[in-house]
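Asks: Take this structure first; my questions come after.
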Amino acid sequence: MWKSVALVAGLGGMFGAILAVAGRKLAVHTDPRIEEITNLLPGANCGSCGYPGCGGLAEAIVAGRDGVSPCLACSPDSKKKIARIMGFTGDIPLSPDLRKVARVACNGCKENAPKLYNYTGIKDCHLVAKYYGGPGKCNFGCLGFGSCVKMCPFHAISMSENGLPVIDYGKCSGCGICARQCPQMVLYITSASTKIHLKCNNRDKGKAAMVDCSVSCISCGMCAKVCPVQAITMREDANGSLPVIDHSKCIECGLCVQKCPRHCLHKLDPITTEHEHGTVATNKKSNCTSCPLGESCGQKQ
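Structure (structure tokens):
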């Protein structure tokens, strides 16, 4: 019996030695700077930088494929620390991009766009848009069930009493998750300094649009006609017609706002405050098998 024990022990020792040698030979040596930089990034893993999460961006920075940090949610202090880790001296090459924020392209609140019926099912915009079309008359407006609230990693969105999302610009980083996940496409990302905004997403025309909402765009084209610099065009697509503002041309004179007969163009104050850096609350992932949406929402987890 002792021979069997010795044989097993000998084989175990031999295989252990082989694995030890193989481990040293085949080991992948990770640059310690990657972990340091990942820890300095906000951890939202929103993907707005174009990389698969904060770890992917950290690898790109260390590999020299990107600047110090194109992350919109990364604080200036963290960017300086990343620059020091990378060995930069003198002027720190921070991202020159202007701050981006989310805006709401809908004003169809409970008063402006009355509901056709009282929906009592699961409160999820993706589910309602896919199977029910929403309880409102407008097929293009905000559904009001707050899926954007659940998706925002910075908790920068809340639903107001009038049924529309409200953006907290002290928290919004402009990451774009809410815009990408809104099934109605009423949330969009724009420069924080932009003043002229279209607060409507309705593609119907004339009387059909009037019936849907009391402040809906009716595609009359008045805004495009009165713009002194031709910064507004009427975009025709498969869904209908809607004004598009070229903000590189717009002089923000406000004439389109004044002349819009439906009051769906607004002149808003620019966002001048910085958002709160470093406070990211990661959403708990749900199990698709227990979720009523299954995989239909595009957020398989």
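First residue of the sequence shown? That's 0 in numbering that gives the first Met the number 0, and the numbers climb one at a time after it. Glycine included, C-beta positions come from ideal geometry on N, C-alpha and C.
Taking the Cβ atom as the reference point for each residue, do V100 and T189 lie within a distance shorter than 8 Å?
Replies: Working through the sequence shown from its first residue, we reach residue 100 at position 101. Working through the sequence shown from its first residue, we reach residue 189 at position 190. Yes, Cβ-Cβ distance for V100 and T189 is below 8 Å.
Asks: Pairs of beta-carbons, one from the stretch 194-210 and one from the stretch 128-139, closer than 8 Å: are there three or more?
Replies: Yes: at least three Cβ pairs fall under 8 Å.
Asks: Could you spell out where the alpha helix (DSSP H) holding V210 opens and where it closes?
Replies: What you label residue 210 is simply residue 211 of the sequence shown in a count that begins at 1. Element bounds for V210: G205 to D211.
Asks: Return the chain-ordered list of same chain residues with a C-beta closer than 7 Å to the C-beta of C252, the five sequence neighbours on each side being excluded.
Replies: As a position in the sequence shown, residue 252 is number 253, starting the count at 1. So the qualifying residues of the chain are P227.
Asks: Who does S157 pair with in a DSSP beta bridge?
Replies: Position 158 of the sequence shown, counted from the start, is the residue given in the question as residue 157. The partner list for S157 (beta bridge, DSSP) reads V165.
Asks: Quick check: the stretch 42-49 against the stretch 66-80, are there 3 or more CB pairs under 8 Å?
Replies: The stretch 42-49 is in contact with the stretch 66-80.
Asks: Should the stretch 180-188 be called in touch with the stretch 142-153, which here means at least 3 C-beta pairs below 8 Å?
Replies: The stretch 180-188 is in contact with the stretch 142-153.
Asks: Name the residue from L40, G86 and S215 whose alpha carbon lies nearest to the alpha carbon of N201.
Replies: Start at 1 with the first residue of the sequence shown, and residue 201 comes out as number 202. Of the listed residues, the one whose Cα sits closest to N201 is S215.
Asks: Helix, strand or coil for Y187, going by three-state DSSP, please let me know.
Replies: Within the sequence shown, residue 187 is the residue found at index 188, counting from 1. Residue state, collapsed to three classes: strand.
Asks: Compute the Euclidean distance between the alpha carbons of N117 and S146, then round it to the nearest angstrom.
Replies: Within the sequence shown, residue 117 is the residue found at index 118, counting from 1. Within the sequence shown, residue 146 is the residue found at index 147, counting from 1. If you take the alpha carbons of N117 and S146, they lie about 18 Å apart.
Asks: Going by alpha carbons, who is nearest to K109 out of E160, R98, H125 and V61?
Replies: Position 110 of the sequence shown, counting from 1, holds the residue named residue 109. Here the closest residue by C-alpha is E160.
Asks: Relative to the C-alpha of V103, which residue among C171, M85 and G63 is closest?
Replies: Here residue 103 is taken as the residue at index 104 of the sequence shown, counted from 1. Closest option to V103, Cα to Cα, is C171.
Asks: Can you give the Cα-Cα distance for A155 and A128, rounded to whole angstroms?
Replies: As a first step, residue 155 is located in the sequence shown; it is residue number 156 there, counting from the start. As a first step, residue 128 is located in the sequence shown; it is residue number 129 there, counting from the start. Each residue's Cα considered, the two are about 23 Å apart.
Asks: Starting from V127, trace the beta strand (DSSP E) both ways and give me its first and last residue.
Replies: Along the sequence shown, one-based indexing puts residue 127 at 128. V127 -> not in any beta strand (DSSP E); alpha helix (DSSP H) instead, spanning C124 to Y130.
Asks: Whole angstroms are fine: how far does the CA of T272 sit from the CA of I84?
Replies: Along the sequence shown, one-based indexing puts residue 84 at 85. Along the sequence shown, one-based indexing puts residue 272 at 273. The alpha-carbon atoms of I84 and T272 are separated by roughly 28 Å.
Asks: Return the CA-CA distance between L115 and D167, expressed in angstroms with no decimal places.
Replies: Taking the first residue of the sequence shown as 1, we reach residue 115 at position 116. Taking the first residue of the sequence shown as 1, we reach residue 167 at position 168. Whole-angstrom Cα-Cα distance: 30 Å.
Asks: Would you mind working out which of L254, G133, P31 and C124 sits nearest H196, comparing C-alpha positions?
Replies: Your numbering for residue 196 matches position 197 in the sequence shown. Minimum Cα distance to H196 is reached at L254.
Asks: How far does the alpha helix (DSSP H) with A101 in it extend, from its first residue to its last?
Replies: For this step, residue 101 is matched to residue 102 along the sequence shown. Note, A101: premise wrong, no alpha helix (DSSP H); beta strand (DSSP E) at K99 to V103.
Asks: Would you mind giving the Cβ-Cβ distance between L40 and A62, rounded to the nearest angstrom? I have them listed as a contact below 8 Å.
Replies: As a first step, residue 40 must be located in the sequence shown, where it is residue number 41. As a first step, residue 62 must be located in the sequence shown, where it is residue number 63. Between A62 and L40 the Cβ distance is about 15 Å, and since that is not below 8 Å, they are no contact.
Asks: Would you please state the rounded distance, in angstroms, between the beta carbons of P260 and C219? I believe it to be under 8 Å.
Replies: Stepping through the sequence shown from its first residue, residue 260 is reached at position 261. Stepping through the sequence shown from its first residue, residue 219 is reached at position 220. So it is a contact: roughly 7 Å between Cβ atoms.
Asks: Ends of the alpha helix (DSSP H) at M233?
Replies: The residue given as residue 233 occupies position 234 in the sequence shown. First-last for M233: I231 to D236, but that is the beta strand (DSSP E), not the alpha helix (DSSP H).
Asks: From what residue to what residue does the beta strand (DSSP E) around I195 run?
Replies: Within the sequence shown, the letter at position 196 stands for residue 195. Where I195 is concerned, the enclosing beta strand (DSSP E) stretches over I195 to L197.
Asks: So for K224, helix, strand or coil by DSSP?
Replies: Here residue 224 refers to the residue found at position 225 of the sequence shown. Here K224 sits in helix by DSSP.
Asks: Let me confirm a value: G11 is counted as buried when at least 16 other C-beta atoms fall within 10 Å, else exposed. Which label applies?
Replies: Locating residue 11 in the sequence shown gives position 12, where the first residue counts as 1. So G11 ends up on the exposed side.
Asks: Nearest-angstrom Cα distance between R32 and F153?
Replies: Looking up residue 32 in the sequence shown gives position 33. Looking up residue 153 in the sequence shown gives position 154. Cα to Cα, R32 sits roughly 26 Å from F153.
Asks: Is K194 near L267, with beta carbons less than 8 Å apart?
Replies: Residue numbering aside, residue 194 sits at position 195 when the sequence shown is read from its first letter. Residue numbering aside, residue 267 sits at position 268 when the sequence shown is read from its first letter. A contact, by the Cβ cut-off of 8 Å.
Asks: By Cβ distance below 8 Å, which residues in the same chain neighbour M13 in space, the five residues on each side in sequence not counted?
Replies: The residue labelled residue 13 in the question sits at position 14 within the sequence shown. Answer for M13: no residue qualifies.
Asks: Please return the same chain residues whose Cβ sits closer than 7 Å to the Cβ of K204, not counting the five positions on each side in sequence.
Replies: Translated into positions along the sequence shown, residue 204 becomes position 205. Only I217, S218, G239 and S240 meet the Cβ criterion.
Asks: So, helix, strand or coil for G54, using DSSP?
Replies: Along the sequence shown, one-based indexing puts residue 54 at 55. Residue state, collapsed to three classes: helix.
Asks: Tell me which same chain residues have a C-beta within less than 8 Å of the C-beta of E34, skipping the five on either side of it?
Replies: Numbered from 1 along the sequence shown, position 35 holds the residue referred to as residue 34. Within the same chain, E34 has close Cβ partners A57.
Asks: What does the alpha-carbon distance come out to for the pair A59 and K78?
Replies: Stepping through the sequence shown from its first residue, residue 59 is reached at position 60. Stepping through the sequence shown from its first residue, residue 78 is reached at position 79. Taking the straight line from one Cα to the other gives about 14 Å.
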